[in-house]
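J.: Mapped onto mature numbering (1 follows the signal peptide of the UniProt record, and there is no 0), the consecutive letters of the sequence shown carry residue numbers -20 to -1, 1 to 160.
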Amino acid sequence: MLVLSAILLAAINPSSMVHSHDISTPFSPSMVHMIMPQFKSVALQGTQESKESIGIVAVLVVEVDRHPVFFMDVKPPISFLYDSKREEADEQMRRRFRDLRQLLAIPVLYGISAFGTRLSFYEYDPATHVLQPEQVLRSHPSILADVAPITRWDCDVLQQEGANRLRKVVNQVKEMCAKV
């Protein structure tokens, strides 16, 4: 978890690199905000809790004045290759957006699903109630469809392009927060 936080911090704020221990640095010390890590407990295999936790390492929620402005679900990279784990991650992201949408004070809520350093970006517009990326629905119960395609996690934060994409989202969040 700390390694991923340091990687994300370096991607968002290259001048801080991995020397900083403060993940909130990208969100500006002058802005009143809070980052709330939420850890899932490890459950016994086969229990209801294990079905709900699906290997989440952590959920990072950034709030400004008790309003969510950004969140990230972080999962182990080993799960990335399994269609079922990506499907569960997508479902979990959509549930989190449903849970947070009533608390919004900004025009767009961004969320990121991370399998290690591979990221998938989500965006919710409360005015239109549209969540992107669009959900892939099963066409028929007997057809085995990939409802969370591997290509959705098309960003690697360790690559320059991935770091730039993450930085762009964080900057958009900071701009929205400055107007609240």
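Every residue, glycine too, gets a C-beta built ideally from N, C-alpha and C. Every value quoted in this text rests on a predicted model; they were computed, and no experiment measured them.
To the nearest angstrom, report how far apart Phe77 and Tyr104 are at their CA atoms.
T.: On the sequence shown, residue 77 is found 97 positions in, with the first residue counted as 1. On the sequence shown, residue 104 is found 124 positions in, with the first residue counted as 1. Spanning the two alpha carbons is a distance of roughly 7 Å.
J.: Using DSSP with H/G/I as helix, E/B as strand and the rest coil, what is Arg81?
T.: Position 101 of the sequence shown, counted from the start, is the residue given in the question as residue 81. Three-state result, Arg81: helix.
J.: Between which two residues does the alpha helix (DSSP H) holding Lys154 run?
T.: For the purposes of this step, residue 154 is taken as the residue at position 174 of the sequence shown. Element bounds for Lys154: Gln140 to Ala158.
J.: Does the Cβ-Cβ distance between Val149 and Phe101 come in under 8 Å?
T.: By one-based count along the sequence shown, residue 149 stands at place 169. By one-based count along the sequence shown, residue 101 stands at place 121. Yes, the pair counts as a contact, with Cβ atoms nearer than the cut-off.
J.: Kindly list the residues whose CB is nearer than 8 Å to the CB of Gln152, restricted to its own chain and excluding five residues on each side of it in sequence; keep chain order.
T.: The count along the sequence shown starts at 1 and reaches residue 152 at position 172. So the list reads Val88 and Tyr90, once near-sequence residues are dropped.
J.: Can you grab the Cα-Cα spacing for the pair Val41 / Phe51, in whole Å?
T.: Start at 1 with the first residue of the sequence shown, and residue 41 comes out as number 61. Start at 1 with the first residue of the sequence shown, and residue 51 comes out as number 71. Spanning the two alpha carbons is a distance of roughly 4 Å.
J.: Would you tell me roughly how many angstroms separate the C-alpha atoms of His47 and Leu111, rounded to the nearest one?
T.: The residue you call residue 47 lines up with position 67 of the sequence shown. The residue you call residue 111 lines up with position 131 of the sequence shown. Each residue's Cα considered, the two are about 18 Å apart.
J.: Where does Pro57 sit, in a helix, a strand or coil, going by DSSP?
T.: Residue numbering aside, residue 57 sits at position 77 when the sequence shown is read from its first letter. Of the three classes helix, strand and coil, the one that applies to Pro57 here is helix, per DSSP.
J.: When the distance is taken between beta carbons, is Ala94 closer than 8 Å to Val54?
T.: In the sequence shown, residue 54 corresponds to position 74, counting from 1. In the sequence shown, residue 94 corresponds to position 114, counting from 1. It is a contact, given that the beta carbons lie within the stated cut-off.
J.: What number of angstroms, rounded off, separates the C-alpha of Ala128 from the C-alpha of Asn144?
T.: As a working note, residue 128 is residue 148 in the sequence shown. As a working note, residue 144 is residue 164 in the sequence shown. Computed Cα separation, rounded: 24 Å.
J.: Could you spell out the range, first to last residue, of the beta strand (DSSP E) harbouring Val41?
T.: Within the sequence shown, residue 41 is the residue found at index 61, counting from 1. Val41 -> beta strand (DSSP E) spans Ala38 to Val44.
J.: In chain order, what residues of the same chain lie with their CB nearer than 6 Å to the CB of Val116, ignoring the 5 residues before and after it?
T.: Working through the sequence shown from its first residue, we reach residue 116 at position 136. Hits under 6 Å: Val127.
J.: Between Asp45, Val39, Val160 and Glu67, which has its C-alpha nearest Arg132's C-alpha?
T.: Counting from one through the sequence shown, the residue named residue 132 turns up at place 152. Here the closest residue by C-alpha is Glu67.
J.: In whole angstroms, what separates the C-alpha of residue 162 from that of Tyr62?
T.: Since the first and last residues shown for the chain are -20 and 160, residue 162 lies out of range.
J.: Secondary structure at Thr27, three-state DSSP: helix, strand or coil?
T.: For the purposes of this step, residue 27 is identified with residue 47 of the sequence shown, where counting begins at 1. Low per-residue confidence applies at Thr27: pLDDT is 45, beneath 50, and the placement is therefore not dependable enough to give any value.
J.: With distance defined between alpha-carbon atoms, name the residue in Arg118, Val44 and Glu114 nearest to Leu83.
T.: Counting from one through the sequence shown, the residue named residue 83 turns up at place 103. Closest option to Leu83, Cα to Cα, is Val44.
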